[in-house]
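Notes follow once the structure below has been shown.
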Amino acid sequence: MASLMENLIVTLGDLCEEYENLLGLSSKKKPVIISGNLEELSKITDEEQIVVGRINHLDRKRQEVVSDIANVVNRDVEDLKLENMIQMLEPRPTEQQKLAAVYDRLKDVVHREKQMNEQNRELILNALEMIQFDINMFQAMKAAPQTANYNKGAYSTGSVIGVGRSEFDAKQ
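Counting from 886, one number per residue, gives the positions in the sequence shown under the numbering used here.
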């Protein structure tokens, strides 16, 4: 059981490092989103995908170790949470401290990553709103007002000024 706990602590430590790498990339992304540099954003996103791949690999490894621990202590793997494992390690205070420290570190870095992702999401949504505003402005500039021409029955003919005319006149 001691080696399984050590494997879990090492795996969780590696997960913390990868999440810290991801947090660093996410914080690099913030000014890139603000500046609208799509090329740099694409590079950062590619780097993030590599880190996420490593995180997924480490998470599978963590699940395997937790499953092995659940078999050793004869508990259901679904009920075996890190908080429970920390409590189970009361007879071994050294391992308990290590597991609690890495657990707190992991919780903190995941929380900070979640906050950074929320900020970046808001920035992207604001950028999309600005793009939509610009598109609407360009469309409004091209739309021409209707004339106030009426026929004998007092119905608007609704002719539009400038429609059917291109911006460039080749005859001139």
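Backbone N, C-alpha and C define an ideal beta-carbon position, used for all residues, glycine too. These figures come from a predicted structure and were not determined experimentally.
Alpha helix (DSSP H) segments (min. 4 residues) lying fully within the segment 910-996: 923-958, 967-973
Selection from V936, L991, L974, L1010 that minimises the alpha carbon distance to A887: L974
Residues near I954 in its chain [Cβ-Cβ closer than 8 Å; skip 5 each side]: M886, L889, M890, L893, L965, M970
Coarse secondary structure for G1038, derived from DSSP in three states: coil
Candidates M1022, L991, F1023, E1007: closest to I919 by CA position: E1007
With 16 other Cβ atoms within 10 Å as the buried cut-off, status of T1082: Because the chain here runs from 886 to 1057, residue 1082 falls outside it and cannot be looked at.
Straight-line gap, M1022 to M1015 (C-alpha atoms, nearest Å): 10 Å
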